[in-house]
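Participant:
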Amino acid sequence: MSEFSEYEQTWWDTLDGLQSNPEIHITHEVRGDLKSSLGDADRVFTMISTLNEVTLPEAWKSYYLRFSEFGSCWTFGAGDSPGHFGGEFHVTNLFEVTLTPSPAEAWSGIPGLSDEFLEELHPFDGTPTTGVGHLALLRLTKGASDAEVWFHASPYEPHRMNLDYPTYLETLRITKGTFSWQYLFVDPSEVDLSSEEFKSAGERLTTMLEVFPRIFPDHDYSDLRARLEARL
């Protein structure tokens, strides 16, 4: 569709690819309207800077998506089969993200998190359909010229991810939101995928990297595979 930017079309095609894949079962999908009234990326980033006192990197602008929201919830394989796994993503508009505080209930029972830190966290990707409690968040610190990406999987403490917002979006396109993929970008000293505690996450990601190169062959999975191997 000509009304989309090149990157928006890429995401539209990603959703189409999930829908059309005979081995993927979609349980929920959302394709929000374009929030064209906000203007282009230059205007949106200026508004974000003014309202949040944060200057986001110029390189992020080509990854700006005007959709109010978009996402998919899906499964692969039969529910009782050994190779069954699934995923979900629900990405919201970046401008609205910067105005949305992190939900207080997400941090219930987690000690040692300061109010100042929590106020800087803004969710941009989540799992509202399955309700598994996964959130990706931008940390907007006043005066900063960048924004950290954090991942929270309830009931665990949040972890900083070793990537930026554009890389998160690009990796999300490859993983399709497979549950726990974010751990591949968390310091392995903080989350041990070889441990009993995170065994199911490691197994799920192993299955993903066995299946996806076959059913989504247009992507390069070598980096994700190397990250997983280094963590098992």
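Going by my numbering, the first residue of the sequence shown is number -8, and it counts up by one from there. Even for Gly, the Cβ is constructed at its ideal location relative to N, Cα and C. None of the values given here were measured: they were computed from a predicted structure.
Kindly provide the ranges of any alpha helix (DSSP H) runs that are 4 or more residues long and lie completely inside the region 149 to 221, ordered along the chain.
Facilitator: Runs found: 156 to 166 and 190 to 206.
Participant: Assign Gly122 to buried or exposed, taking buried as 16 or more other Cβ atoms, counted over all protein chains shown, within 10 Å of its Cβ.
Facilitator: Gly122 comes out exposed.
Participant: So, Ser213 versus Arg195, is the Cβ gap smaller than 8 Å?
Facilitator: Cβ atoms of Ser213 and Arg195: not closer than 8 Å.
Participant: How is the alpha helix (DSSP H) around Ala32 delimited, first residue to last?
Facilitator: Ala32 to Asn43 is the span of the alpha helix (DSSP H), which, as asked, contains Ala32.
Participant: With distance defined between alpha-carbon atoms, name the residue in His150, Pro119, His19 and Gly77 nearest to Leu104.
Facilitator: The option with the nearest alpha carbon to Leu104 is His150.
Participant: How should Asp155 be labelled, buried or exposed, when 16 other C-beta atoms within 10 angstroms of its C-beta is the threshold for buried?
Facilitator: Classification of Asp155: buried, given that the 10 Å Cβ count is 16 or more.
Participant: Give the secondary structure of Ser224 by DSSP, where H, G and I count as helix, E and B as strand, and everything else as coil.
Facilitator: Absent from the structure is residue 224, since the part of the chain shown begins at -8 and ends at 223.
Participant: Please classify Asn153 as buried or exposed, where buried requires at least 16 neighbouring CB atoms within 10 angstroms.
Facilitator: Classification for Asn153: exposed.
Participant: Could you tell me the boundaries of the beta strand (DSSP E) in which Thr18 lies?
Facilitator: Taken as a continuous stretch (DSSP letters only), the beta strand (DSSP E) holding Thr18 covers Ile15 to Arg22.
Participant: In three-state DSSP terms, what is Val123?
Facilitator: Coil, per DSSP.
Participant: Note down the Cα distance separating Pro73 from Glu96, rounded to an integer number of angstroms.
Facilitator: Cα to Cα, the separation comes out at about 33 Å.
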